[in-house]
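Read through the structure below, which is laid out as structure tokens, and then see the notes.
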Amino acid sequence: MNSFDVLVAGGGNAALCAALSASELGATVAVLESAPKEFRGGNSRHTRNLRCRSEAYPEREYFDDLCRVTGGETNQELARIVIRESQSSSEWMRGHGVRFQPSLSGTLHLGRTNQFFLGGGKALMNAYYAAAERRGVRIFYNAEVVDLKCTGGEFQSARVLLNGEAVEMRAKALVAAAGGFEANLEWLKEVWGEAAENFLIRGTPFNKGKVLKLLLASGAQPVGDPAQCHAVAIDARAPKFDGGVVTRLDCIPLGIVVNRNSERFYDEGEDLWPKRYAIWGRLVAQQPGQIAYSIIDSKALGRFMPSVFAPVEGSTIRELAGKLGLAGDALEATVQSFNGAVQPGTFDHSVLDNCRTRGLAPEKTHWAQALDTPPFFGYPLRPGITFTYLGVKVNPNAQVLMSDGRPARNILAAGEIMAGNILGKGYLAGIGMAIGTVFGRIAGREAAWKARAS
Numbered sequence: 020m021n022s023f024d025v026l027v028a029g030g031g032n033a034a035l036c037a038a039l040s041a042s043e044l045g046a047t048v049a050v051l052e053s054a055p056k057e058f059r060g061g062n063s064r065h066t067r068n069l070r071c072r073s074e075a076y077p078e079r080e081y082f083d084d085l086c087r088v089t090g091g092e093t094n095q096e097l098a099r100i101v102i103r104e105s106q107s108s109s110e111w112m113r114g115h116g117v118r119f120q121p122s123l124s125g126t127l128h129l130g131r132t133n134q135f136f137l138g139g140g141k142a143l144m145n146a147y148y149a150a151a152e153r154r155g156v157r158i159f160y161n162a163e164v165v166d167l168k169c170t171g172g173e174f175q176s177a178r179v180l181l182n183g184e185a186v187e188m189r190a191k192a193l194v195a196a197a198g199g200f201e202a203n204l205e206w207l208k209e210v211w212g213e214a215a216e217n218f219l220i221r222g223t224p225f226n227k228g229k230v231l232k233l234l235l236a237s238g239a240q241p242v243g244d245p246a247q248c249h250a251v252a253i254d255a256r257a258p259k260f261d262g263g264v265v266t267r268l269d270c271i272p273l274g275i276v277v278n279r280n281s282e283r284f285y286d287e288g289e290d291l292w293p294k295r296y297a298i299w300g301r302l303v304a305q306q307p308g309q310i311a312y313s314i315i316d317s318k319a320l321g322r323f324m325p326s327v328f329a330p331v332e333g334s335t336i337r338e339l340a341g342k343l344g345l346a347g348d349a350l351e352a353t354v355q356s357f358n359g360a361v362q363p364g365t366f367d368h369s370v371l372d373n374c375r376t377r378g379l380a381p382e383k384t385h386w387a388q389a390l391d392t393p394p395f396f397g398y399p400l401r402p403g404i405t406f407t408y409l410g411v412k413v414n415p416n417a418q419v420l421m422s423d424g425r426p427a428r429n430i431l432a433a434g435e436i437m438a439g440n441i442l443g444k445g446y447l448a449g450i451g452m453a454i455g456t457v458f459g460r461i462a463g464r465e466a467a468w469k470a471r472a473s
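If you want the working numbering, it's the 1-based position in the sequence shown plus 19.
Printed below as a string of structure tokens:
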């Protein structure tokens, strides 16, 4: 049978939240996951936590944090829905088998603001898939949506390549939760030019943006800048796809970052890391050859979550430069200039301390310590793209808004495919999972009601 009440395109956190929510209301639900079973879960299998409102982290602070990182480029109504509904999400998640653990320590400082999944994103997705199967949700793997039949904002059916064979799937409502286009290298090059060849994709290679493109072609309103994305600085030795969170480098605030000319280009200590780590991918993308290098000394060890790759080590700055392929004189000069500009202060990497430089361009405004304790360490950096912000515009009920301004009758969206409504730019650690969880639940609920009413 290829006819259902609700069809969910996607297989990550938002998709499964939608599927579970719809099934709770009695809808028959099918999930179309384009990946094979062993790679199910999209980018969500690489996640670790979700940002939650709580008594310790009230709505006003959460909202202020979001506005700061986005520069105010957010739909405030939708943002407040995510923030408010995030508080009840953890109990709902527990009800579907998700377990939590104490927060991790290090430069992220997320103990008060975020809840961490026991076993990480893979365990989260396994719990959701098991819960969905218990509820009778049909899961189709290797199921790529290649066409949507929509008329005037009303979905009728999807053409799906199921294990390479074309089939038609009908439903009374569609939830689009298939992610962005970050794994579509040709699309990235349309936006970034040839520089995109040097980008690494942190997550799934299956997020090609097919459903997004089909929705836009069907008249959905776009939202977000195609060049904006969640892009962090990751180890340049990471694989092209699917390196995940273990390739991220959290040492950046504790040292200096230079480009291939050994020049610093941004304030490494601008703000606490959860509010700034996701700008560094774009910063590195703007450097020559899309490469940079994080330089630290021995004082930084033990204060950050290390990458899966060991750092390059040198007993002197010149030796380290040679091993990184940098000019020794240039890196020595940059380090000497930096060390000479460091002002007296009390170092504390858990707060915005008073350790800064004076007389540099750019200055380092916090956590500035002289690089003077050998051995010295370096990590090569590349832009690591997590997900793109171009998506479809939605209303508070997760309905996709069409080009004429009206909401689609039975097309809903959740997760990365609509995150650009809330993330005009920048990122706040854990908010992607909050958006997917909250709007996944809303989309599933609304889809079930649409199906019941039809």
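All C-beta atoms, glycine included, are put in the ideal place defined by N, C-alpha and C.
Source: prediction; values computed, not measured.
Leaving aside the five residues that flank Asn94 on each side, the residues in its chain whose CB is nearer than 7 Å to its CB run, in chain order, Asn440, Ile441. Take Arg428, set aside five residues on each side of it, and the residues of its chain with a beta-carbon closer than 6 Å to its own are Gly172, Glu173, in chain order. Three or more beta-carbon pairs separated by less than 8 Å link the region 384-398 to the region 333-349, which places the two stretches in contact. Here Leu233 carries a helix assignment [DSSP, helix/strand/coil].
In the three-state reduction of the DSSP assignment, Cys248 falls in the strand class. Annotation note: the region 329-365 contains the following uninterrupted alpha helix (DSSP H) runs of length 4 or greater, listed N- to C-terminal: 336-343, 347-360. For the pair Ile436 and Gly410, the CB atoms are nearer than the 8 Å cut-off. For Phe218, there is no enclosing alpha helix (DSSP H), as DSSP gives it neither H nor E. With fewer than three CB-CB distances shorter than 8 Å, the region 74-90 does not count as touching the region 45-58. In the DSSP assignment, Tyr81 forms no beta bridge with any residue. Note that the region 376-385 does not touch the region 398-408; fewer than 3 beta-carbon pairs, one per stretch, sit closer than 8 Å. The shortest CA-to-CA distance from Ala150 to any of Asp83, Lys191, Ser42 is the one to Ser42.
Here Pro121 is exposed: its Cβ has fewer than 16 other Cβ atoms, across all protein chains shown, within 10 Å.
CA-to-CA, the gap between Phe218 and Ser473 works out to about 45 Å. With a threshold of 16 other beta carbon atoms within 10 Å, Thr132 meets it and is buried.
Fewer than three pairs of CB atoms, one per stretch, sit closer than 8 Å, so the region 207-221 makes no contact with the region 230-238. The C-alpha of Glu96 lies about 25 Å from the C-alpha of Gly29. Spatial neighbours of Leu345 in its own chain (CB-CB distance under 6 Å, excluding positions within 5 residues in sequence) are listed in chain order as Ser281. Taken through DSSP and simplified to helix, strand or coil, Leu39 comes out as helix. When the alpha-carbon of Ser108 is set against those of Ile461, Arg267, Leu320, Val419, the nearest one is in Ile461. Taking C-beta atoms under 8 Å as the contact rule, Pro399 and Ala255 qualify, at a distance of about 4 Å. Rounded to the nearest whole angstrom, the CA to CA distance from Val354 to Leu302 is 20 Å.
Under DSSP, Phe135 takes part in a beta bridge, and its partners are Asn68, Gln120. For Leu371, no beta strand (DSSP E) encloses it, and the DSSP letter there is neither H nor E. The three-state secondary structure of Ile430, taken from DSSP, is strand.
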